[in-house]
Every structure is written in structure tokens, then in C-alpha cells.
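*Asks:* Residue numbers (the working numbering): 164 to 296. For every residue, glycine included, the Cβ atom is placed at its ideal position computed from N, Cα and C. Fair warning: this is a prediction, and the values are worked out from it, not measured in the lab.
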Amino acid sequence: MPSAINAQDIQVFVVRKDGAYLYLPKENQLKPVSKADLRSAVAGRQAFAATAPVSLVLVSDHSKFGNLPAAAASRMGAVDCGYVSQNICLICTALGLNTVPRATMDTDALKKALGLGEQYDLIMNSQIGYPKE
Ligand SMILES: Cc1cc2nc3c(=O)[nH]c(=O)nc-3n(C[C@H](O)[C@H](O)[C@H](O)COP(=O)(O)O)c2cc1C
Numbered sequence: 164m165p166s167a168i169n170a171q172d173i174q175v176f177v178v179r180k181d182g183a184y185l186y187l188p189k190e191n192q193l194k195p196v197s198k199a200d201l202r203s204a205v206a207g208r209q210a211f212a213a214t215a216p217v218s219l220v221l222v223s224d225h226s227k228f229g230n231l232p233a234a235a236a237s238r239m240g241a242v243d244c245g246y247v248s249q250n251i252c253l254i255c256t257a258l259g260l261n262t263v264p265r266a267t268m269d270t271d272a273l274k275k276a277l278g279l280g281e282q283y284d285l286i287m288n289s290q291i292g293y294p295k296e
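1. Which of the three DSSP states, helix, strand or coil, is assigned to LYS180?
2. Which residues in the same chain as LEU258 place their Cβ atom closer than 7 Å to its Cβ, once the five residues preceding and following it in sequence are excluded?
3. Given LEU193, which residues of its chain have a CB within under 8 Å of its CB, disregarding the five upstream and five downstream residues?
4. Distance check for PRO232 and VAL217, CA to CA, integer angstroms please.
5. Report yes if the C-beta of GLN209 is less than 8 Å from at least one heavy atom of ligand 1; otherwise report no.
6. Under a Cβ-count criterion, where at least 16 other Cβ atoms within 10 Å of its own Cβ denotes burial, should LYS275 be classed as buried or exposed?
7. Mind checking whether TYR283 and MET164 have CB atoms under 9 Å apart?
Structure representation (C-alpha cells):
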């Protein structure tokens, strides 16, 4: 997966009814980070999104960009996030799953619940589920 200066700044959090997890790509494992149901915080003002069984929250860790000026880090993080978000759309389509990429979410509540500090930018989230029959 490409990322600006190969910063690999995008973290993927998996949010389900039973809690939230950080995806560890090298280990291909999920690390539990919260036992709370954060789906409403991910949904924000779009309640329908809270009904999805799985949401993925895409977060850029700006500290990975080193001394890059804040505006540039923000731009690179957004572009990097776009690649990940697009790949989620592609794999869901390939697997016959429904998904929607959204920027809407309660970022303050999520940051607090996921223990994310100032350097983390919550950019996009995706709801994933089976198509209605
Ligand atoms: C950067 C970005 C942000 C988006 N944010 C939201 C959002 O907050 N809520 C939402 O319902 N859809 C969101 N969308 C989805 C678009 O509204 C949707 O892709 C567009 O309406 C086209 O619909 P389609 O993908 O079903 O063809 C977002 C899409 C992108 C690319």
C-alpha cells in the first residue's frame, strides 16, 4: 500500500458491538483497545451507520511524518487515507459486501474512547455489512 514518504501513517480501528480493536498489519491481529460499543460515536449524526455490524475507522498518525509542516502532514494523511478507503471499497465489492465511506463521525468521543492524542487525525470510516436480502 502506498503512503507519502512511506510513512505508513494510517491506522485501522475495527469497531463492533463487543468493542474496538486496533488492526496490527505485521502480526495480522486485532489488539483490543476498548470494551465499549462505539458504533454510535462512529455513526455521529447519521444514525443508520450505527446499525452496521462492523465499522472501520481510518486514522492518520501525523507523528509518522516527522518534521513535515502540519498542513503538509494533513494533506498527505488525507491522501494516504484515500488509498486505504478505496481499497476497503474494492475488497468489499469483491467479497459481495456492502460498504460506505464516510467522513461523518464524533471524532472527539472516538479520540477519547480509543485513547488517541493530538497527533492522530480521524479522517474516514467505513461501515461494512451483508446486503439486504
Ligand atoms: C471523502 C468522502 C466523504 C464522505 N462522507 C460521507 C458521509 O459523511 N456520509 C455519507 O453518508 N456518505 C459519505 N460519503 C459517501 C458519498 O456521499 C457517496 O460516495 C456518494 O454520494 C456517491 O454514492 P455511491 O457511492 O452510492 O454511488 C463520502 C464519500 C467520500 C469520498
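*Replies:* By the coordinates alone:
1. coil
2. none
3. VAL177, TYR184, LEU185, TYR186, LEU187
4. 34 Å
5. yes
6. exposed
7. no
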